[in-house]
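In this note's numbering, the protein residues as written are 553 to 1059.
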């Protein structure tokens, strides 16, 4: 019985292996392809006779994602009209960059779905795969989300190969290495991991690869979805990986020792490991003078605290700590709130939720209509709410300042995190006043210190304290004074520049 079971198992395995191999019969192969791609109207099966050997052949591809000009000029034309171009002959000279031969059906299926064309030849030992993809894509243009005044006006596109080329355009160095990984069962996405081999930390690189390889999902459609799978703490409101659409910013982070992951079909790339201060930097900071860049960066941090705590402080003062308000201001506040039927926290929630709805409406609507809705809607609704006695004038001012402060943050994901944290702070302030705000702030700090990004401390250079990295954290000192890469990247090679600069005239 054991012998028969073993024999049947080997027989079934052999039959399955033979079924996975292509046949030498051309018509059988065509029927198999048509059964795999049934109800696929864009499947093209082009039958012809090879001139060199007078053998039957068939070229198969999907018309919408292949380059028909390349197929005709570099595949069909040589095989139809030239001698010495039989694929089974050693003197094959089809003028294409990549030509592969395969006997496995799953490789052929994957090739067709990736925009390649497959050539079957009667009595052939394998199918020939030609690299002819031409997926629909838009031209390279500036990122609509991360605009720049002084930087390059170029943004990533949905083509992974073009995005890699855009980064290569900034880093002409042989140490720029690329590792490719495929993710997804149904919609396969090619990921390209870019890093400097002599700078990037190999342990961090291995950690990133391991996290990507264990992803078991139907498809990863964009960089944001991939970041959610590989980040350290998925329950944190703070983003632990940086997503950008700017190739110059991605290249600058690679030079700092970080790792960039390009997701095919996504106009964004993922940067890691990152720290909290990475989300307050913009590419314009390194194009402007250092004093201007420092002032703007400090203003962003100030806006961060205003956006989180200002509504909560307003609620705490009106509800619990009225005695700290100067008398004249207190009289003004009392006059503006005498007709308001709601307590301060209800008033604040009404206005904050209205602001968030206006913001989302402005984003989802067409550009011209969205700007009109955002500006006119804010003015009209705010004025009408004040006149109707639903909210006070001071509350409108607080909400407007909060909105302006949140718009200063250059990273959209960090701005969204601020919007989420603001509401719990308002709730805790409505119950406990300033004590609640202080407790909430301590909870944020404790969570902030405990976070990691690809195993590296998220709070660096503030927690742990690394004063060397402060030159480009809260402030931005002159470029010539920043001679080393940040310690928080774990870079193997820290030194990146010398302080050589002309002294100028001292007369």
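Backbone N, C-alpha and C fix where the C-beta goes; we use that ideal spot for every residue, glycine too.
Quiz prompt | Local conformation of residue 733 per DSSP, three classes | solution = strand
Self-check item: Sequence-distant residues of the same chain with beta carbon closer than 6 Å to residue 1034, five excluded per side
Solution: 1023, 1024
Quiz prompt | 8 Å Cβ shell around residue 1060 - same chain, five flanking residues per side excluded | solution = Because the chain is modelled from 553 through 1059, residue 1060 falls outside the range shown and cannot be assessed.
Quiz item: Are the beta-carbon atoms of residue 957 and residue 789 separated by less than 8 Å?
Solution: no
Quiz item: Can you tell me the Cα-Cα spacing of residue 1064 and residue 676, whole angstroms?
Solution: Nothing in the structure corresponds to residue 1064, since the chain is present only between 553 and 1059.
Quiz item: Does the distance from the C-beta atom of residue 669 to that of residue 601 stay below 8 Å?
Solution: no
Quiz item: Counting only runs that start and end within the segment 731-797, where is the alpha helix (DSSP H) found for 4 or more residues in a row?
Solution: 754-765, 775-782
Self-check item: Simplified DSSP assignment, three categories, for residue 594
Solution: coil
Quiz item: Which residues does DSSP pair with residue 618 in a beta bridge?
Solution: 685
Quiz item: Does the beta-carbon of residue 605 have 16 or more other beta-carbons within 10 angstroms, so that it is buried, or is it exposed?
Solution: buried
Quiz item: Are the segment 747-759 and the segment 792-811 in contact at 8 Å, needing three or more beta carbon pairs?
Solution: yes
Quiz item: On the three-pair Cβ rule with 8 Å, is the segment 995-1010 touching the segment 781-788?
Solution: yes
Quiz item: Would residue 679 pass as a contact of residue 692 if the rule is Cβ separation under 8 Å?
Solution: no
Practice problem: Count the C-beta pairs between the segment 751-763 and the segment 811-830 that are closer than 8 Å, then say yes if the count reaches three, no if not. | Solution: yes
Quiz item: In its own chain, which residues sit with a C-beta less than 7 Å from the C-beta of residue 736, not counting the 5 before and 5 after it?
Solution: 769, 770, 771, 772
Quiz prompt | residue 1001 to residue 954 span [Cα, whole Å] | solution = 25 Å
Quiz prompt | Three-state secondary structure assigned by DSSP to residue 906 | solution = helix
Quiz item: What distance in whole Å lies between the Cβ atoms of residue 966 and residue 791, which are believed to be in contact at a cut-off of 8 Å?
Solution: 6 Å
Exercise. Just confirm the distance between the C-beta atoms of residue 1130 and residue 730, as a whole number of angstroms; I'd bet it's less than 8 Å.
Key: Because residue 1130 is not part of the residues shown, which for the chain are 553 to 1059, the question remains open.
Quiz item: When DSSP builds the beta bridges, which residues end up paired with residue 1008?
Solution: 1005
Self-check item: Continuous beta strand (DSSP E) stretch holding residue 672: start and end
Solution: 669-673
Quiz item: Is the beta carbon of residue 812 less than 8 Å from the beta carbon of residue 775?
Solution: no
Self-check item: Classification of residue 950 by the beta-carbon crowding that lies within 10 angstroms, buried from 16 upward
Solution: buried
Quiz item: If you follow the beta strand (DSSP E) that residue 712 is part of, which residue opens it and which one closes it?
Solution: Premise fails: residue 712 lies in the alpha helix (DSSP H), 712-720, not in any beta strand (DSSP E).
Quiz item: Does DSSP put residue 653 in a helix, in a strand, or in coil?
Solution: strand
Quiz item: Which residues in the same chain have their Cβ closer than 6 Å to the Cβ of residue 662, if we skip the five residues on either side of it in sequence?
Solution: none
Quiz prompt | 8 Å Cβ cutoff met for residue 801 and residue 835 | solution = yes
Quiz item: Which value, in whole angstroms, describes the spacing of the CA atoms of residue 797 and residue 964?
Solution: 12 Å
Quiz item: Mind pulling the alpha helix (DSSP H) runs of 4 or more residues that sit fully within the segment 938-986?
Solution: 945-960, 964-984
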